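Under this note's numbering, the first residue of the sequence shown carries the number 24, and numbering increases by one thereafter.
All C-beta atoms in this analysis are idealised placements derived from N, C-alpha and C, irrespective of residue type, glycine included.
Keep in mind it's a predicted model, so treat the numbers as computed, not measured.
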Amino acid sequence: LIVVYAVPKLTVKSDPTPKSVPGLATIRSVFQLNTDFNQTLAYKQIDSAVQIDNPKIKAIANYIATESCKTGGRICYAKALYNFVRDNIEYLNDPLRVEFIQVPELTLATGGGDCDDGAVLLASLLGSIGIRTEFVYKPNHVLLRAWLPEALKRYKKQDNWVYLDWTCNECEFGVVPPS
């Protein structure tokens with residue numbers, strides 16, 4: 024009887040929900056963000072803008088995840104980080120005919136950026152807690168996908184990838200609006 028009760032519990036995937044995700048004002052009050060950046064990156068340098076080894080980005084990711092999820096593991100943490108970026112970063116276009124890529128700390132400091140800036144921030148936050156990500160390119164848009172094999176099937180679009188588009192204010196975790 025012990026085996027019968029233990030095995031289902033170990034094989035059932037859970038769907039944890041973050042309790043309350045800290046806002047950008049809280050992050051700004053807890054972490055001193057650097058706004059003294061004298062460069063932005065060209066679009067082809069998007070991968071180099073991701074900062075999974077930045078101690079401040081790691082600390083911010085840890086703070087958001089632990090404040091939001093007392094239990095729940097990687098899925099809850101990924102949801103909390105996605106919700107943080109979606110709910111706190113304002114979508115702002117780049118100048119006409121110019122494509123800038125902001126480093127994550129600048130996006131946090133200014134509270135705004137375009138699709139690639141938010142995707143870089145989300146990739147940095149997720150990557151700093153060990154979640155693998157890749158950029159997904161669409162015409163005039165970039166979003167992110169995260170490798171989360173433990174996620175429920177309803178969140179996965181392809182294999183174990185969960186697609187995340189922070190620019191869709193009404194989209195829940197794993198929901199991407201039609202192109």
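| field | residue 154 versus 44, 160, 167 and 161, residue with shortest Cα-Cα distance | value | The shortest Cα separation from residue 154 among 44, 160, 167 and 161 belongs to 167.
Leaving out five residues before and five after residue 75 in sequence, what residues of the same chain have Cβ atoms less than 7 Å from its Cβ?
147, 150 and 151
- Task: Enumerate in chain order the residues of its own chain whose CB-to-CB distance from residue 127 is below 8 Å, with the five nearest sequence positions on each side excluded.
- Result: 72, 73, 74, 77, 80, 143, 144, 147 and 148
Next on the checklist: Using a Cβ-Cβ distance cut-off of 8 Å, determine whether residue 132 contacts chain D.
Outcome noted: Within the model displayed, chain D is absent; a lone protein chain is all it includes.
message = If you measure between the beta carbons of residue 163 and residue 172, is that distance less than 8 Å?
response = no
Give me the Cα-Cα distance between residue 39 and residue 99, rounded to the nearest whole angstrom. Straight-line measurement puts the Cα of residue 99 at about 5 Å from the Cα of residue 39.
query: beta strand (DSSP E) containing residue 178: first to last residue?
result: Counting along the chain, residue 178 falls outside any beta strand (DSSP E), and DSSP gives it neither H nor E.
Using the C-alpha atoms, what's the distance from residue 113 back to residue 135?
C-alpha separation (whole angstroms): 4 Å.
Query raised in the report: So, is residue 120 buried or exposed, given that buried needs 16 or more other C-beta atoms within 10 angstroms?
Result: exposed
* Asked: Which residue from 192, 198 and 161 puts its Cα closest to that of residue 107?
  -> 192
Quick one: what does DSSP say residue 30 is sitting in, helix, strand or coil?
-> For residue 30, the pLDDT reaches just 47, beneath the cut-off of 50, and the residue's location in the model is therefore unreliable, leaving the point undetermined.
Discussion item. For residue 177 and residue 201, I'd like the C-alpha separation in whole angstroms.
Written reply: 16 Å
Is it buried or exposed for residue 43, if we count other Cβ within 10 angstroms and need 16 for buried?
So residue 43 counts as exposed.
Practice task
Please report how far the alpha carbon of residue 110 lies from the alpha carbon of residue 170, in whole angstroms.
Solution key: 22 Å
Let me know if residue 41 comes out buried or exposed under the rule of 16 or more other beta-carbons within 10 Å of its beta-carbon. buried
Q | Buried/exposed call for residue 156, threshold 16 Cβ in 10 Å | A | Around the Cβ of residue 156, a 10 Å sphere holds 16 or more other Cβ atoms; the residue is buried.
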